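Single-structure report; data block below.
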Amino acid sequence: TFDYEGRELSCEHGGRRVVRYEPNGTVTVIADKFEGKRLNSPNDIAVHPDGGIWFTDPIYGIRGNYEGFKADSELPMAVYRVDGKSGRIEKLTDELGGPNGICFSPDYKKVYVADTGAPREIRVWDTDGKSIRNGKRFVQLDIPGTGQPSAADGIRCDVDGNIWAGARPGVQVVAPNGDRIGMIRLPETCANVCFGGAKRNRLFMTASESLYTVYVETTGAHIA
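In my numbering, the protein residues as written are 2 to 225.
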């Protein structure tokens, strides 16, 4: 994703850190440890207007050598916030079985996190931009017509507050009240999504071996 100064932010499974790419080509490490212990394998990021960087830290990148490098976990899986001014890292919650995608509502008063671990649901909290409260299940997705659970991976929010989630069989769209209102079927598993283009009305979908894109009748709520 990008911050509000147009700098790219990236989660590195192999490096077990969150980094920022500066305009001059240098790399700034945003987070690689918490309380002196190495992060697991940061997975996804959301940026707050106050400069705070929120990210999830599951173990997917250290379970084996496919997505990163096999290693022992030093910390519980968690969601963190990096203060935009001080750079201080704060743990927001470690109660999820597999924190994955993360995004804010259009007004930044709610934050959503896809929990790929059991029971495989998207969680939502109220937030003041610095802390979270009133956590609850937002939705538990399934594969339409089968009843089989479909864990959400990357998630993004549009200007109407709908959540777009990479989830089998492609991308599922969920209204703010938790109702499923749309779907984009793909021939591959979709890992992540983002809105891009000049009007942020083009959805990009990263899949198992391909990148898909489609223009949609809405606009992404925030910067990619």
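Idealized CB from N, CA, C, for every residue including glycine. Values in this document were obtained by computation on a predicted structure and should not be read as measured data.
Give every residue of the same chain whose Cβ lies closer than 6 Å to the Cβ of residue i, excluding the five residues on either side of it in the sequence, and list them in chain order.
i: N163; result: V174, A176
i: E9; result: F3, Y22
i: R39; result: R17, E75
Which first and last residues belong to the beta strand (DSSP E) in which residue i is found?
i: Q173; result: 171–175
i: A79; result: 79–83
i: R201; result: Premise fails: R201 is in no beta strand (DSSP E) and is neither H nor E.
i: F105; result: 100–105
i: T29; result: 28–32
i: I185; result: 181–186
i: I46; result: 46–48
i: R18; result: 18–22
Which one or two residues does DSSP pair with residue i in a beta bridge?
i: I60; result: Partner(s): none; I60 has no beta bridge.
i: T128; result: I133
i: D116; result: P100, E122
i: I144; result: Per DSSP, none; premise fails for I144.
i: R138; result: R124
i: A168; result: G171
i: N193; result: T207
i: L10; result: R21
Hey, how far is the Cα of residue i from the Cα of residue j?
i: P120; j: N25; result: 43 Å
i: V112; j: N66; result: 31 Å
i: L142; j: W165; result: 12 Å
i: E218; j: P59; result: 33 Å
i: D127; j: G179; result: 15 Å
i: A199; j: T214; result: 14 Å
i: S74; j: I63; result: 7 Å
i: P107; j: C158; result: 7 Å
i: T220; j: R203; result: 8 Å
i: A47; j: D84; result: 13 Å
i: T117; j: R18; result: 20 Å
i: I90; j: I133; result: 15 Å
i: S11; j: C104; result: 15 Å
Please classify residue i: does DSSP put it in a helix, a strand, or coil?
i: Y5; result: coil
i: S87; result: coil
i: D159; result: strand
i: K38; result: strand
i: Y216; result: strand
i: E75; result: coil
i: E68; result: coil
i: G15; result: coil
i: P43; result: coil
i: G221; result: strand
i: K110; result: coil
Leaving out five residues on either side along the sequence, give the residues of the same chain with a beta carbon under 8 Å from the beta carbon of residue i.
i: I144; result: P150, S151, R169, P170
i: N193; result: D45, G102, D154, G155, G167, M206, T207
Within the same chain, show all residues whose beta-carbon is closer than 7 Å to that of residue i, passing over the 5 residues directly before and after it, in chain order.
i: E210; result: E189
i: Y216; result: N202, R203
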